[in-house]
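A.B. asks: Using full-length UniProt numbering, count along the sequence shown one by one with no gaps and you end on 91.
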Amino acid sequence: MDARPRCNVCHEPFHASPPTSRARIFACGHSTCSGCIDQMRNLRNLESERLLGGDPTINRHMLKCPQCRKETPMFLPKAEKMLRNFAVEQQ
1 MDARPRCNVC
11 HEPFHASPPT
21 SRARIFACGH
31 STCSGCIDQM
41 RNLRNLESER
51 LLGGDPTINR
61 HMLKCPQCRK
71 ETPMFLPKAE
81 KMLRNFAVEQ
91 Q
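1. On a CA-only basis, which of V9, P77, P19 and C65 is nearest G29? Give me that one, please.
2. Under the rule that 16 or more other beta-carbon atoms within 10 Å means buried, what is L46, buried or exposed?
3. Just list the residues that DSSP pairs C33 with in beta bridges.
4. Would you give the residue range spanned by the alpha helix (DSSP H) that E12 belongs to?
5. Cutting at 6 Å between CB atoms, please list the residues of its own chain near R4, excluding the five before and the five after it.
6. Can you say whether C36 is buried or exposed, counting buried as having 16 or more other CB atoms within 10 angstroms of its CB?
7. Considering only residues of the same chain and omitting the five flanking positions on each side of N85, which have a CB-CB separation below 6 Å?
8. At what residues does the beta strand (DSSP E) containing K71 begin and finish?
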């Protein structure tokens with residue numbers, strides 16, 4: 001089996017290209033690929049609108065790590081604005 005580090009959601013290896021395969025770091029130190037982070041954020045936003053009618057008190061600026069569930073601030077709309085984990089991309 002390939003020993004390269006993988007996204008903890010889609011289980012694909014991290015790569016520098018395409019951009020959706022880039023490793024992004026959560027506040028807890030775990031990494032997930034950009035594509036999965038964007039999908040998680042979109043699903044969370046859709047779910048909060050469906051359940052709560054777009055309640056403005058919902059904090060859409062936090063995203064939970066899929067591995068440990070610790071919340072990470074995410075004020076910008078795309079994963080590409082989160083810090084990259086170059087170390088795991090180069091392994």
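Even for Gly, the Cβ is constructed at its ideal location relative to N, Cα and C.
C.D. replies: Inspection of the coordinates gives the following:
1. The residue given as residue 29 occupies position 29 in the sequence shown. Nearest option by C-alpha distance: C65.
2. Translated into positions along the sequence shown, residue 46 becomes position 46. Exposed is the call here.
3. Taking the first residue of the sequence shown as 1, we reach residue 33 at position 33. Looking at the DSSP assignment, C33 forms a beta bridge with A23.
4. Your numbering for residue 12 matches position 12 in the sequence shown. Careful: E12 lies outside any alpha helix (DSSP H) and carries neither H nor E.
5. Locating residue 4 in the sequence shown gives position 4, where the first residue counts as 1. Result list for R4: P13 and Q91, in chain order.
6. Numbered from its first residue, the sequence shown carries residue 36 at position 36. Flag for C36 reads buried.
7. Looking up residue 85 in the sequence shown gives position 85. Contacts found: A23, I25 and S31.
8. If you number the sequence shown from 1, residue 71 lands on position 71. Correcting the residue identity first, residue 71 is Glu in this sequence and not Lys. Unbroken beta strand (DSSP E) run through E71: E71 to P73.
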